[in-house]
């Protein structure tokens, strides 16, 4: 059974009556999470790649312009109240800035008691207290060091773990983590990633890890989706995509990672280094590959039509005409095969 | 001598070695908060060689930005420089008059600020902001040479001349950061302080901007202090790294050595926690919390979190000493040798 | 796990701890001397009205209740006016009436404004366009002119109707302030977290957004009260507004019309003038100190 | 063209027309909706009185015609709006057969010169005081002195007007008590006329300036504090700019645009805002005329003046809105796109 699926979802902003500019934030992206085989999937991309929009689509916070999001086979758009409630419980999220997620007006208890009360998880005060303490301990926190405090009295790491505890209260099947460590210090980053890993390992919770940082994506996840301006540029197992990138954009990205090793200098993989500086003038609307005007390997056909995904390996596909000799594959098919 | 500052008699004791373009001695900065006095920079000493790239890393609250700004005396009101010396080419910047310091800024020591997104005045065209900067340091005339210099620096940071007519909001983040770099090298300063110059940029643009910065710096022969928290960026860019923890400098070493053989236990844990493409699913964090500067621990700042803590660590503050050539560390583990 | 310590740590927020709340409130007043002083000024004036009323008879405020044009004396503490009314009694009755108009007008204005601002800011889009256009139009139409016109036609009004009319015209300013704050608050991540925790739009507006607007609401309210008193006294000085009820403005109207200024009858125009000066000083102090909370950057500059 | 696009321009003009429309509708509705039917009341009062006075019958007819009292409401409304559109306010009722315009016209001139100038002076002073209060380089003594300007704000302007009148005109006799010029003086552009107009303007202008200066200074201070906290101020200092240059070109320059929006509204409101000052000094501006027409139940003049007020505010805001992109380059008014 597929737990959570995005089926060729597209999200267009600014298609109102008054505005002329349309922004295709997410462009026919498919993604699948299998209920029986929990895994960690990374969605990586730079700012403007549509990764946060995709996250909000998956959480049902915004509606897709085209395509659909399915939870256990059922389209979110056609769900009734109780089905939506169930979806809400099972698909949870943690966010980038562990300070911003707290309402400064309340003690941190409020973010924990609200879900318990709204979803009627506990029959009594005592049960509520017990549930909260359990989930805090699961997230690696001591209840008496955290409850009753205001967010600014806690460290960044504690704040982020309380968000994990909040999600765990609802006993979800999927947690979407939107840049969970980009705002915390290096020394805490590892600890938080460790506890996210444990959720999958010990509780069987699937994780969608959204990030701009390929190194942590490599470390934590099994599969990765590289997004470029709303489209999937390359998808596959992290081992292959990051250790041996095929799409010119992925190569550029991997090549630009500032590795903490003075002996591996930037640009050691030299073949994409001639990429022009222009950070992406918009190409003719709707035509051609979105990366064409930055691509050192650009060919005539790149300007004519958007490349489909070509399956270059069993568990990897690339949207680039350089690989047009390989068989093409649909986004959904690829996503399902990775999840299987 | 500073090019723009009238020659000042230099105390014999402050006479510095010729191989140190910038020599910071016992710098102390504190600020007053509602809860009491906080010492953000605590007795920090280091030096910078001509044409050298020094990285200053630290987590949030380690005092790295406060220190960078205090070198240029740009601290805002509750923060006060309590003492120490900042010798730029032998002249103590902290002893200059306001007007002398103003003239030294940009001409001798320049800042490339954090958050280029908001560092340009949104109401003025880029050209006007560059012109303002040159004019502030000119006593008279020279309009054509001024314009020529502006086009020069724009070209050297790979920007088109047309950006002089653009407002900041019309530029991309990377372009704005390039404008800030152009601003920094406008008057060929001896020292450039770059405070997290790429923290808001994507990795691809970050790399391009840093490569530009590196190139103009070596063309100019200026020294650079790169302030930041990203060890990866340090590994790629600098010659030496200084590690700050709780307002103190705990280690200063050449970049290769610090990654291969970190000395201070904090540096060791920090390097160990970095994600690499070498290992999967293997996370090593540093347990414990960053010290509160309001109620700092006694002795060594790191002793509450230190796995190799010695009995006298919580009593005695370890000084920063050179234990091997060019390797400075502030830790009692190395006191004996 | 030692549950007893946990209980101790977590209970205070569920049961309302009066002492803790009192400490917080007292702490606020202690940290905001200016605000406290403003409140005390208004409170003193208010008490003067209420306590004063017990010492005198309402009848003394009727025309011809006393001799005309008497200087202040032991019998008539503030003298009598040219219509034979005891000025002390007039003030004692007038002050609460003026307060009533101001507070009622402020409450009406802020209530409508907050509602409009919250809805427009939270739902954005077309709802926002309609609400904000309406507010902008109302903001631009000169309020006092409308009030004068209305009052010119509606010759007889009560204190309450007057207050409501003034209030109905004062909502656009709070609405704009609340709207712009709501627009930024709704993008904050804690709104997303609340939604994930199962709260609906209504609960998010009431429990997540509204509490963060306390400073703005308070500042708006003080502003609206101040504007309401300014406008209503202005109308009364023109001879518009409530006719047979003593208010501060009405007293000034008589003083002005009977040339008290030029007859040297300072006890006629002096007390209402001083009263207004006290009211506006108090409100001004409150709004300056509230500004600090509504505009956090000001905090740094005042604390140096 | 940067800044203005046609769609925005049209929307702004539409907004302006909407303001006028709403104001005119208010004007139409208020006398008709008000309890006690004031129009009906005045009609009967006038028909009784008209017999006795010269022109009485003609005036009554003009009134009936003006308000179209015999027509159904929607016809009245259409007629009224059509007349408004042509800026035809009809004849004054109390000074029949004078046109409403004959009364409003000179009043507009006096109001603009007295109040417009006072507000502009206040605006400029307020900006300077507010800027200096927020600037950390301002000497402490100067700051305390400047803070004194806040005191004026605690008195309503009309009360200060009365006090000024009492002390300077009534008691000390140094300045005239009422009017805009010496009575009987011909309106011509001569030196004595200007001198007299100036002397008459001092007290009313002072009462406006002194009471509103504090408010302007306070809001400017707030804007300055925000501006000074911006990142670009740090870079400006790091560039080695002179303090004075940072103050003027980076801080004040950037804090002014939002203040101009307030100025537009204030300028538009001047007339209505200072009605009471004009009344206290019997200054023959719009406010005073409005008061007189209320006293005389001259409804055509009331309607004319309130509409003029609405148009003036609407116009002021419209102009500022259209030039705003020139003042703040970030505001481009191109249809909002997501980003």
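Chains as they are written, first to last, in our numbering: chain Z, 1 to 340; chain D, 1001 to 1337; chain V, 2001 to 2304; chain P, 3001 to 3339.
All residues carry an ideal CB built from backbone N, CA and C; glycine is no exception.
Here residue 71 of chain Z is bridged, per DSSP, to Z:4 and Z:74. For residue 234 of chain Z, there is no enclosing alpha helix (DSSP H); the enclosing beta strand (DSSP E) has its first and last residue at 231–237. Residue pairing for residue 1328 of chain D: DSSP places it in a beta bridge opposite D:1252 and D:1322. If you look at residue 1087 of chain D, you'll find it in the beta strand (DSSP E) that goes 1079–1088. Residues of the region 3304–3329 of chain P with a C-beta less than 9 Å from any C-beta of chain D: 3327, 3328 and 3329, listed in chain order. With fewer than 16 neighbouring CB atoms inside 10 Å of its own CB, residue 1261 of chain D falls in the exposed class.
For residue 1022 of chain D, the three-state secondary structure derived from DSSP is strand. Annotation: Cβ neighbours of residue 1284 of chain D in chain Z (cutoff 9 Å, chain order): 190, 191 and 194. Residue 2220 of chain V is positioned such that its CB atom lies closer than 7 Å to that of residue 2110 of chain V. Just so you know, the alpha carbons of residue 101 of chain Z and residue 2240 of chain V end up roughly 53 Å apart. Residue contact check for residue 1149 of chain D against chain Z: no CB pair falls below 7 Å. An exposed status is given to residue 1321 of chain D, since fewer than 16 other beta-carbon atoms sit within 10 Å of its beta-carbon.
The contact set of residue 1089 of chain D on chain P, defined by CB atoms closer than 9 Å, is empty, because the minimum CB distance reaches about 17 Å.
Proximity of residue 3240 of chain P to chain D, defined by a Cβ-Cβ separation below 7 Å, is satisfied. Close to residue 3015 of chain P, with beta-carbon spacing below 8 Å, are these residues of chain V in chain order: 2133, 2136 and 2137.
Contact annotation: in the region 3182–3207 of chain P, no residue has its CB less than 8 Å from a CB in chain V. Listed by position along chain P, the residues whose Cβ is nearer than 8 Å to that of residue 1113 of chain D are 3231, 3234, 3235 and 3238. By the Cβ test, the region 3291–3305 of chain P is not in contact with the region 3229–3249 of chain P, since fewer than three Cβ pairs between them sit closer than 8 Å. Taking all protein chains in view, the Cβ of residue 1026 of chain D is surrounded by fewer than 16 other Cβ atoms within 10 Å, so the residue is classified as exposed. Listed along the chain, the chain Z residues whose CB falls inside 8 Å of the CB of residue 2181 of chain V amount to none; the nearest CB is some 13 Å away.
Put simply, the CB of residue 1202 of chain D is near chain Z, with a gap under 7 Å to one of its CB atoms. Between the alpha carbons of residue 1156 of chain D and residue 1188 of chain D lies a gap of roughly 12 Å. Annotation for residue 234 of chain Z: 226, 241, 247, 250 and 318 place their beta carbon closer than 6 Å to its own, counting only its chain and skipping 5 residues before and after. The way I'd put it, the region 1202–1209 of chain D does touch the region 40–56 of chain Z; three or more beta-carbon pairs between them come closer than 8 Å.
Residue 1256 of chain D and residue 1242 of chain D have their alpha carbons spaced roughly 13 Å apart. The beta carbon of residue 2028 of chain V sits no closer than 7 Å to any beta carbon of chain Z. Going by beta carbons, residue 2245 of chain V and residue 2191 of chain V fall outside the 7 Å limit. Within the region 2161–2195 of chain V, the residues whose Cβ lies closer than 8 Å to any Cβ of chain Z are, in chain order, 2188, 2189, 2190, 2192, 2193, 2194 and 2195. According to the DSSP assignment, residue 1042 of chain D belongs to no alpha helix (DSSP H) but to the beta strand (DSSP E) extending over 1036–1048.
For residue 3100 of chain P, there are no C-beta contacts with chain V under 7 Å, since the nearest C-beta of that chain is about 15 Å from it.
If one requires a minimum length of 4 residues, the alpha helix (DSSP H) runs lying completely within the region 3178–3235 of chain P are 3191–3228, in chain order. For residue 3077 of chain P, the nearest beta carbon of chain D is not closer than 7 Å to its own beta carbon. The C-beta distance from residue 161 of chain Z to residue 195 of chain Z rounds to 7 Å, short enough to fall under 8 Å. A Cβ-Cβ distance of about 6 Å is found for the pair residue 1093 of chain D and residue 1104 of chain D, placing them in contact under the 8 Å criterion. At least one beta carbon of chain P lies nearer than 7 Å to the beta carbon of residue 1119 of chain D. Taken through DSSP and simplified to helix, strand or coil, residue 155 of chain Z comes out as coil.
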